[in-house]
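Below: one structure, written as structure tokens.
There are 2 protein chains.
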Amino acid sequence: MNIGQASKASQLPTKTIRYYEEIKLISPMRAENGYRTYCETDIHRLRFLQRARGLGFSIDECRLLLSLYEDEKRASSDVKQLALDKIGEIDRKLSELESLKATLTALARDCHGDDKPACPIIDDLAGRTNH
Amino acid sequence: MNIGQASKASQLPTKTIRYYEEIKLISPMRAENGYRTYCETDIHRLRFLQRARGLGFSIDECRLLLSLYEDEKRASSDVKQLALDKIGEIDRKLSELESLKATLTALARDCHGDDKPACPIIDDLAGRTNH
DNA sequence: CTTGACCTTCCAGTTGCTGGAAGCCTTAAA
DNA sequence: TTTAAGGCTTCCAGCAACTGGAAGGTCAAG
Chain X
68 MNIGQASKAS
78 QLPTKTIRYY
88 EEIKLISPMR
98 AENGYRTYCE
108 TDIHRLRFLQ
118 RARGLGFSID
128 ECRLLLSLYE
138 DEKRASSDVK
148 QLALDKIGEI
158 DRKLSELESL
168 KATLTALARD
178 CHGDDKPACP
188 IIDDLAGRTN
198 H
Chain A
68 MNIGQASKAS
78 QLPTKTIRYY
88 EEIKLISPMR
98 AENGYRTYCE
108 TDIHRLRFLQ
118 RARGLGFSID
128 ECRLLLSLYE
138 DEKRASSDVK
148 QLALDKIGEI
158 DRKLSELESL
168 KATLTALARD
178 CHGDDKPACP
188 IIDDLAGRTN
198 H
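Residue numbers (the numbering used here), protein chains in the order written: chain X, 68 to 198; chain A, 68 to 198.
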């Protein structure tokens, strides 16, 4: 599988894929002609990276998340704690997304005229995730 | 309210807040001594930006989202469509987060030993959002 | 055997911050 | 009243994570 197909499969631009190789997030094989060739595992990693990056996880966090699946040396309690930490973070993101969605949904539902949106929506702008 | 307090209230570093001013996402007033002063609306915007950026929306997308609440000139059907588009995007992010969480939860639950994680978890690495 | 769609590397530019220097403002203690 | 700490200012440099473009090699179709 060449980089173009990997790009389609992962929804990542080829530039980004090469960049991820440069910073050692993936290490695809090379064909005899010098072309990169991606195996199923590479594609999985790329798809994972595409999702996690799109959800606001940094490259280092992605590296950590990937390591959760692959690091055999780390004590299992560490792995577990890391996973639990990340789950907490994900829960926070989930509730933030929910509140953002609620705000937008209210906006789409209520603001049907040429007049300004109802005040409660604007008041909700900063979200209610912290209380 | 000075930048330090705004920083605490919004969970954004002061550097980032000044940067957001530079790119015209906010325009706080200035006190006589030259200090920036932030009103409630500014804080709302900052908190909103902090959340939206953390969820993977770009600065331009944030600008768009903010404009949804404030642009009186745009035809309401446009606003509605934009809001609906963004809601679709948020739904996608929500399901991606859910699948990521499920994967990590399975990892934390099942992988309690020194052995490698169970294969189904690794197989799930790239998520199931597209099928 | 050439045209067009791929692929390669390299290098420069962009986005979105982030850190540090140099200096002014403010509060609180000596 | 001076002075030290901490917060504020601007400016400029650097980093993270891409992104675009040039120059050129590879390959399948016509």
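Ideal Cβ placement from N, Cα and C applies to all residues, glycine included.
On a predicted model such as this, the values are computed, not experimentally measured, just so you know.
Given this structure, state the Cα-to-Cα distance separating D158/A from T108/X, to the nearest angstrom.
Residue numbering aside, residue 158/A sits at position 91 when the second sequence is read from its first letter. Residue numbering aside, residue 108/X sits at position 41 when the first sequence is read from its first letter. Cα-Cα distance, rounded: 27 Å.
Check whether chain A comes within 8 Å of I154/X, counting only Cβ atoms and requiring the distance to be less than that.
Sequence index remark: in the first sequence, residue 154/X carries index 87 (1-based). At least one chain A Cβ lies under 8 Å of I154/X.
Within 10 angstroms of its Cβ, does S77/A collect 16 or more other Cβ (buried), or is it exposed?
In the second sequence, residue 77/A corresponds to position 10, counting from 1. Burial call: buried.
Buried or exposed (CB count within 10 angstroms, at least 16 for buried), K82/A
Walking along the second sequence from the start, residue 82/A turns up at place 15. With fewer than 16 other beta carbons inside 10 angstroms of its own, K82/A counts as exposed.
Using C-beta distances below 7 Å, list every residue in its chain close to P80/X, excluding the 5 sequence neighbours before and after it, in chain order.
Counting from one through the first sequence, the residue named residue 80/X turns up at place 13. Hits under 7 Å: S74.
Considering only the alpha carbon of each residue, which of L164/X, Y105/X and A119/X lies closest to S47/X?
Shown here, chain X extends from 68 to 198; a query on residue 47/X therefore has no answer.
I157/X versus chain A: which residues are under 8 Å apart at the beta carbon?
The residue given as residue 157/X occupies position 90 in the first sequence. Here the neighbours are L164, L167, K168 and L171.
Interface residues of chain X facing A150/A [CB-CB closer than 7 Å]
Along the second sequence, one-based indexing puts residue 150/A at 83. Those within 7 Å of A150/A in chain X are L171, L174 and A175.
Proximity test, Cβ basis, 8 Å: L92/A and chain X:
Working through the second sequence from its first residue, we reach residue 92/A at position 25. It does not: the Cβ of L92/A has no partner Cβ on chain X nearer than 8 Å.
Secondary structure, alpha helix (DSSP H): runs of 4+ residues fully inside the segment 122–158 of chain A:
Runs found: 126–137.
Using alpha carbons as the reference points, say which of A119/A, I154/A and E88/A lies closest to A173/X.
Numbered from 1 along the first sequence, position 106 holds the residue referred to as residue 173/X. Sorting A119/A, I154/A and E88/A by C-alpha distance to the C-alpha of A173/X places I154/A at the top.
Please say whether R118/A and L167/X have beta carbons closer to each other than 8 Å?
Taking the first residue of the first sequence as position 1, residue 167/X is located at position 100. Taking the first residue of the second sequence as position 1, residue 118/A is located at position 51. It is a contact, given that the beta carbons lie within the stated cut-off.
What do you reckon, are the CB atoms on L131/A and R112/A nearer than 8 Å?
Residue numbering aside, residue 131/A sits at position 64 when the second sequence is read from its first letter. Residue numbering aside, residue 112/A sits at position 45 when the second sequence is read from its first letter. Between L131/A and R112/A, the C-beta gap is not smaller than 8 Å, which leaves the two residues out of contact.
Since G123/A meets chain X, which of its residues come closer than 8 Å, beta carbon to beta carbon?
Along the second sequence, one-based indexing puts residue 123/A at 56. Among the residues of chain X, those whose CB is under 8 Å from the CB of G123/A are R120, G121, L122 and G123, following chain order.
So is the beta-carbon of N69/A under 7 Å away from any non-hydrogen atom of the ligand ZN?
The model depicted lacks the ligand ZN and carries no ligand whatsoever.
On a CA-only basis, which of M96/X, Y87/X and E89/X is nearest N69/X? Give me that one, please.
Position 2 of the first sequence, counted from the first residue, corresponds to residue 69/X. Closest by alpha carbon: M96/X.
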